[in-house]
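J.: In the working numbering, the protein residues as written are 684 to 980. By construction, the Cβ of each residue, glycine as well, lies at the ideal position given by its N, Cα and C atoms. Being a predicted model, the structure only gives us computed values, none of them experimental.
1) Using three-state DSSP, classify residue 695 as helix, strand or coil.
2) Would you tell me roughly how many angstroms separate the C-alpha atoms of residue 753 and residue 689, rounded to the nearest one?
3) Alpha helix (DSSP H) containing residue 732: first to last residue?
4) Could you check how far apart the C-beta atoms of residue 789 and residue 835 are, in whole angstroms? I think they sit under 8 Å.
5) Whose CA, out of 877, 859, 900, 810, lies closest to the CA of residue 889?
6) Taking C-alpha atoms, which residue in 839, 861, 695, 840 lies nearest to residue 751?
7) Contact between the segment 836 to 849 and the segment 872 to 879: three or more CB pairs below 8 Å?
8) Quick one: grab the DSSP three-state call for residue 945.
9) Please indicate yes or no: does the CB of residue 861 lie closer than 7 Å to some heavy atom of the ligand COA?
10) Alpha carbon to alpha carbon, how far is residue 978 from residue 804? Give it in angstroms, no decimals.
11) With a threshold of 16 other CB atoms inside 10 Å of the CB of residue 822, please say whether the residue is buried or exposed.
12) Measuring alpha carbon to alpha carbon, tell me which of 718, 760, 727, 709 ends up nearest residue 739.
13) May I have the straight-line CA-CA distance separating residue 759 from residue 975, to the nearest angstrom?
14) List the endpoints of the continuous beta strand (DSSP E) containing residue 764.
Take a look at the structure:
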């Protein structure tokens, strides 16, 4: 069961305000695009980084957060304040934002140009001011987020951003994951009992129960050529004990395992399930507990 992430993306969003004027904001946007492109090209970042927007008003911020919530390809946001961005502008947007957030505390330049620094440079490059303002508001609102501090071209920073994107991938998977609970858990066991409603409320994934007969129904639909092909795969990819090789006294055990893999795969794919649980105490007509099927799926 493959997991394709090519269509998924993390949005790079920059905060500022209109006070700086059109020319300064143009430079802010240019810098932001270069940073997002640099992060997108970084080997340590496995997810596509897309420069989304420069936001300068409460309305723009709120609209962007609403768009992020509704966009299925957006799995998270990296927020950076190039200049000072009054943080009260962010309150409404952050309150409704439902996607994972990373606050990147960086600056466009790796070094301060001491020889030619002037007021224009200081006015434009105010991340040290803006990111502290934004960080205060995130803390005041008790917003869960990842904070990464350092220059965006630094390998350590890119590695941390890569970790954030992988966490965002996991979060996104949870929001769309369907889990098939085939049979119940082992009788009298508490730790695996679980709470399907609480799991969906807290984590996002859905868990629903099914009977082993649902798998058996798919096993009964298996074509002989598909079974033969899978057995051939086993013989090619694994070292088999003599007893389960063709003609061995326990060959049927391997055949049964292959049937379970094919039936279980068909059931999971048809239902759009990304995970499943089973139990040896509720096998029904299944000849054995899914073993190699579980490993291979």
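T.: Reading off the structure:
1) Here residue 695 refers to the residue found at position 12 when the chain shown is read from its first residue. Here residue 695 sits in strand by DSSP.
2) The residue labelled residue 753 in the question sits at position 70 within the chain shown. The residue labelled residue 689 in the question sits at position 6 within the chain shown. Going by the C-alpha atoms only, they are around 19 Å apart.
3) As a working note, residue 732 is residue 49 in the chain shown. Where residue 732 is concerned, there is no enclosing alpha helix (DSSP H), although the beta strand (DSSP E) it sits in stretches over 731 to 738.
4) Indexing the chain shown from 1 puts residue 789 at position 106. Indexing the chain shown from 1 puts residue 835 at position 152. Indeed, because the Cβ distance is near 5 Å, the residues count as touching under 8 Å.
5) Within the chain shown, the letter at position 206 stands for residue 889. Residue 859 is the option with its Cα nearest to residue 889.
6) Here residue 751 refers to the residue found at position 68 when the chain shown is read from its first residue. Residue 751 has its Cα closest to that of 695, out of 839, 861, 695, 840.
7) no
8) The residue given as residue 945 occupies position 262 in the chain shown. Note: residue 945 maps to helix in three-state DSSP.
9) Of ligands this structure carries none, so the ligand COA is not represented either.
10) Locating residue 804 in the chain shown gives position 121, counting from the first residue. Locating residue 978 in the chain shown gives position 295, counting from the first residue. If I take the Cα positions, the gap works out to 58 Å.
11) By one-based count along the chain shown, residue 822 stands at place 139. Counting Cβ neighbours within 10 Å, residue 822 comes out exposed, since fewer than 16 surround it.
12) Here residue 739 is taken as the residue at index 56 of the chain shown, counted from 1. The shortest Cα separation from residue 739 among 718, 760, 727, 709 belongs to 709.
13) In the chain shown, residue 759 corresponds to position 76, counting from 1. In the chain shown, residue 975 corresponds to position 292, counting from 1. Computed Cα separation, rounded: 35 Å.
14) Along the chain shown, read from residue 1 onward, the residue named residue 764 stands at position 81. Unbroken beta strand (DSSP E) run through residue 764: 757 to 764.
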